[in-house]
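Quick note on my numbering: the sequence shown kicks off at 47 and runs consecutively.
Just so you know, even glycine gets a beta-carbon here, dropped at the ideal spot from N, CA and C.
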Amino acid sequence: MSTAEIRLVRNYDRAAWFYETSAAVFSGGQIRASKKYTAAQVKAGQKIIFLGVGTGEEAIIAAQRGAHVTCLDISSGMLERLEARMKRRGLKAEILCQDAFQHDRLGYYDAVAANYFLNVFRHDDMQRMLKHAAGLVRPGGKFMVADVALARGNPLSRIFNLVYLKTAMATFWTLGLVPLHRNYDYAQYFSDAQLKLNHIRYFRLFKGGPVVFQTWVATKKKSR
Ligand SMILES: C[S@@+](CC[C@H](N)C(=O)[O-])C[C@H]1O[C@@H](n2cnc3c(N)ncnc32)[C@H](O)[C@@H]1O
Numbered sequence: 047m048s049t050a051e052i053r054l055v056r057n058y059d060r061a062a063w064f065y066e067t068s069a070a071v072f073s074g075g076q077i078r079a080s081k082k083y084t085a086a087q088v089k090a091g092q093k094i095i096f097l098g099v100g101t102g103e104e105a106i107i108a109a110q111r112g113a114h115v116t117c118l119d120i121s122s123g124m125l126e127r128l129e130a131r132m133k134r135r136g137l138k139a140e141i142l143c144q145d146a147f148q149h150d151r152l153g154y155y156d157a158v159a160a161n162y163f164l165n166v167f168r169h170d171d172m173q174r175m176l177k178h179a180a181g182l183v184r185p186g187g188k189f190m191v192a193d194v195a196l197a198r199g200n201p202l203s204r205i206f207n208l209v210y211l212k213t214a215m216a217t218f219w220t221l222g223l224v225p226l227h228r229n230y231d232y233a234q235y236f237s238d239a240q241l242k243l244n245h246i247r248y249f250r251l252f253k254g255g256p257v258v259f260q261t262w263v264a265t266k267k268k269s270r
């Protein structure tokens, strides 16, 4: 591991105890809702992997739905908490402490979820990771991303989106958890990763407020 990666892992290990709760408070529960939406797309018996799973609230839901869940993260601090939560509920999941780039089960999963994960990478690495993650999905399977939303709606909503999400990014950057970058429009890279956008679900702050989070659901193309 490079020094930068070691630092990143250390920072996520340290953030493990507050990460999910602070995200829930900051987003009024909408980060949780956007992640839960990915778990709701998976059926009992299907194989799903959550990349950069963190402490994995949505992985728990997928396991409760009877899916075969794989949870992957580079931070052992995050995974220890997730493992304890799964155990407390009598749930089973495969837990892998690994760099997602090293995970090479190509075409193996019915679904891959990359929730609030791709935004920890700078643009070029994000593109590489998206393509790699899409490669893990079987043809016809699902690829899902819950993440911060692109600004949309009236000018006031757009300004709010900008200020709100940039403040969050600056806070996370201060903690050494993400690099500074613009909000990514993941759908732009789907075609190159053999993905077809199925639909996008938007999540509004305080339900009727501005759109601040969104979940992309795509299908892996079948090779002819
Ligand atoms: C922003 S957090 C999101 C965690 C979780 N998905 C959530 O939404 O609560 C990003 C996660 O990705 C993990 N991560 C960062 N780089 C990684 C890599 N190269 N491979 C696997 N996990 C990584 C971090 O340890 C962290 O848990």
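Beta-ladder partner(s) of residue i, from DSSP
i: Asp193; result: Gln260
i: Ile95; result: Thr116, Val158
i: Glu37; result: There is no way to answer for residue 37, as the model of the chain reaches only from 47 to 270.
i: Arg265; result: Correcting the residue identity first, residue 265 is Thr in this sequence and not Arg. BP columns for Thr265 point to Lys188, Lys242.
The alpha helix (DSSP H) enclosing residue i, as first and last residue numbers
i: Arg134; result: 122-134
i: Asp59; result: 49-61
i: Lys177; result: 169-181
i: Arg204; result: 201-220
i: Val230; result: Note that residue 230 corresponds to Tyr in the displayed sequence, not to Val. Taken as a continuous stretch (DSSP letters only), Tyr230 belongs to no alpha helix (DSSP H), as it is neither H nor E.
i: Lys42; result: Since the first residue shown for the chain is 47 and the last is 270, residue 42 is missing from the structure and cannot be characterised.
i: Thr101; result: That residue, Thr101, is in no alpha helix (DSSP H); it is neither H nor E in DSSP.
i: Ser73; result: 65-73
Residue-level contact to chain B via CB, residue i, 8 Å cutoff
i: Glu129; result: This model lacks chain B altogether; it includes just one protein chain.
CB contact flag (residue i, residue j, <8 Å)
i: Leu208; j: Ala192; result: no
i: Asp59; j: Gly123; result: yes
i: Asn57; j: Leu223; result: yes
i: Ile77; j: Ala69; result: yes
i: Ile246; j: Thr261; result: yes
i: Glu104; j: Thr84; result: yes
i: Phe72; j: Ala214; result: yes
i: Leu118; j: His149; result: yes
i: Val258; j: Ala216; result: no
i: Met172; j: Tyr230; result: yes
i: Lys138; j: Ala109; result: yes
i: Gly91; j: Gly112; result: yes
First and last residue of the uninterrupted beta strand (DSSP E) at residue i
i: Tyr248; result: 241-250
Are three or more beta carbon pairs between the stretch 153-165 and the stretch 93-105 nearer than 8 Å?
yes
Is there contact here, the stretch 170-187 with the stretch 229-244, by at least three beta-carbon pairs under 8 Å?
yes
Three or more C-beta pairs below 8 Å linking the stretch 129-137 and the stretch 145-156:
no
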